[in-house]
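Take a look at the structure set out below.
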Amino acid sequence: MPDSPAEGLSLPSLYRQARHLHEQAMSGTSEAKVGDPVQVANTIMLQCQALVDQLGLFSSNEDAEDLATADLKYMLVPAMHGDILAQTSARDPEVRRHTLQTAIKLYSRFLSMCNQYGLLSQDAKAAAQLDGQQSLDQTTRRLQKVQRFKRERDIKAKLGAMQMKKMRMVQLQDEADLPQEQDEESEREVGLLHIELEVMKAIEQVHMLQQEVNLLEHAASIPLDQRQTQIARPPPPYVMQQLLGAAANLQTQQTQRQRLQAQVFRPTVALPTVSVEQQGLVEMQKMQQAQRREATAAASKSKDQDSEDHSDAQVDKQRQMDDWKDDNPCGWGNSKLRPTA
Numbered sequence: 001m002p003d004s005p006a007e008g009l010s011l012p013s014l015y016r017q018a019r020h021l022h023e024q025a026m027s028g029t030s031e032a033k034v035g036d037p038v039q040v041a042n043t044i045m046l047q048c049q050a051l052v053d054q055l056g057l058f059s060s061n062e063d064a065e066d067l068a069t070a071d072l073k074y075m076l077v078p079a080m081h082g083d084i085l086a087q088t089s090a091r092d093p094e095v096r097r098h099t100l101q102t103a104i105k106l107y108s109r110f111l112s113m114c115n116q117y118g119l120l121s122q123d124a125k126a127a128a129q130l131d132g133q134q135s136l137d138q139t140t141r142r143l144q145k146v147q148r149f150k151r152e153r154d155i156k157a158k159l160g161a162m163q164m165k166k167m168r169m170v171q172l173q174d175e176a177d178l179p180q181e182q183d184e185e186s187e188r189e190v191g192l193l194h195i196e197l198e199v200m201k202a203i204e205q206v207h208m209l210q211q212e213v214n215l216l217e218h219a220a221s222i223p224l225d226q227r228q229t230q231i232a233r234p235p236p237p238y239v240m241q242q243l244l245g246a247a248a249n250l251q252t253q254q255t256q257r258q259r260l261q262a263q264v265f266r267p268t269v270a271l272p273t274v275s276v277e278q279q280g281l282v283e284m285q286k287m288q289q290a291q292r293r294e295a296t297a298a299a300s301k302s303k304d305q306d307s308e309d310h311s312d313a314q315v316d317k318q319r320q321m322d323d324w325k326d327d328n329p330c331g332w333g334n335s336k337l338r339p340t341a
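Read in order, the letters of the sequence shown correspond to residues 1 to 341 in our numbering.
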């Protein structure tokens, strides 16, 4: 009997389960709490990472060009594991701090691997403080954060467009009864874009989680009696009213800001609905239909011509017979009353 739900599965099957758990945690459909669901997720993530290490898919002697397109997605396993741990809630601050520290280590492992394969830009290296980079000041950090936000928006838009293009291509190939072909170049570009997107997310997560860890360590350093005294003092009612009012205003401003952003970043021109390849498939379908119509019409015309020729021959034969009958009336010939000359 297997010790875990994922034991004995292949790497693609483990990755699909890990991806499913990651999507659930990120979408909020299943809230992560300390307990059996998190233990199952941790087990699957750890087994997936162990199998990746066992197969030796990644090596320090390689660069990005040596990576197989099908193996790019397995680089995301540490980052996905870190995302799940970052979403985990715990009542005990010490458990929470330990979980966050584990998530930070996983994010750091993912960033180091990307740096090893040359998949990090100079700004990303500086933000992640890799290769001996010094800590950035607040102004530089803010500017880089804005740049990452814009780049993240562009990547998501490009991934969405590529996904729509792939779906339309598959649909057109199914309609034309053509074999489906895998575009390895597009698949590799999608994999690299997912890695770049996760790199930007990991940089932000490491910074925020480290701040939370510092707060938890500071709270743990406060003596227990002082901590209980501080907890026992509720804020005054007028302070709570002011905080609730400020929170409502922030929510309203956030909603208005999102609405304005949606209006600002709309495209100014009509976006293309089909690509050159898709239009070529449509034209090929039209040409095949036209050829079938022409072949049907030619066959029908040939049949009508043969029938018309046969009818003309019958008419000519009948006319010749009528002319002969006119020249040789019935009973006209030799008889006893009219001997032959």
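Heads up, the beta-carbon is just placed ideally off N, CA and C, and yes, glycines get one too.
- Residue range P237 to V264 is occupied by the alpha helix (DSSP H) that includes N249.
- It is roughly 16 angstroms from the alpha-carbon of H218 to the alpha-carbon of M208.
- Its Cα nearest to that of M45, the residue R19 stands out among R19, S27 and D63.
- With a cutoff of 8 angstroms on beta-carbon distance, E212 and T69 are scored as not near each other.
- Judged by their CB atoms, P93 and A220 are nearer to each other than the 8 angstroms cut-off.
- Rounded to the nearest whole angstrom, the CA to CA distance from T88 to T99 is 8 angstroms.
- Of the candidates K303, Q205 and P237, Q205 places its Cα closest to the Cα of I84.
- According to the DSSP assignment, G56 belongs to no alpha helix (DSSP H), since it is labelled neither H nor E.
- DSSP places E187 inside the alpha helix (DSSP H), whose first and last residues are E184 to S221.
- The three-state secondary structure of P272, taken from DSSP, is coil.
- Boundaries cannot be given for Q129, as no alpha helix (DSSP H) includes it and DSSP labels it neither H nor E.
- If you draw a 10 Å sphere on the C-beta of M167, you find fewer than 16 other C-beta atoms in it, and that means exposed.
- Under the criterion of beta carbons closer than 8 angstroms, S275 and K125 do not qualify as touching, at roughly 35 angstroms.
- Annotation: Q289 to T273 spans about 23 angstroms, alpha carbon to alpha carbon.
- Around the C-beta of V170, fewer than 16 other C-beta atoms lie within 10 Å, and the residue is accordingly described as exposed.
- Distance from the CA of Q47 to the CA of L197, rounded to the nearest whole angstrom, comes to 24 angstroms.
- DSSP places A157 within a helical segment (H, G or I) once states are collapsed to three.
- Straight through space, the alpha carbons of R151 and P12 are spaced by roughly 30 angstroms.
- Around the beta-carbon of R148, 16 or more other beta-carbon atoms lie within 10 Å, marking it buried.
- Its chain contains M80, D83 and I84 as the residues whose beta carbon lies nearer than 8 angstroms to that of H22, once the 5 sequence neighbours on both sides are disregarded; these appear in chain order.
- Around the beta carbon of V264, fewer than 16 other beta carbons lie within 10 angstroms, which makes this residue exposed.
- In the DSSP assignment, S13 falls within the alpha helix (DSSP H) that extends over L11 to S27.
- Note on I195: 16 or more other CB atoms within 10 angstroms of its CB, so buried under the neighbour-count rule.
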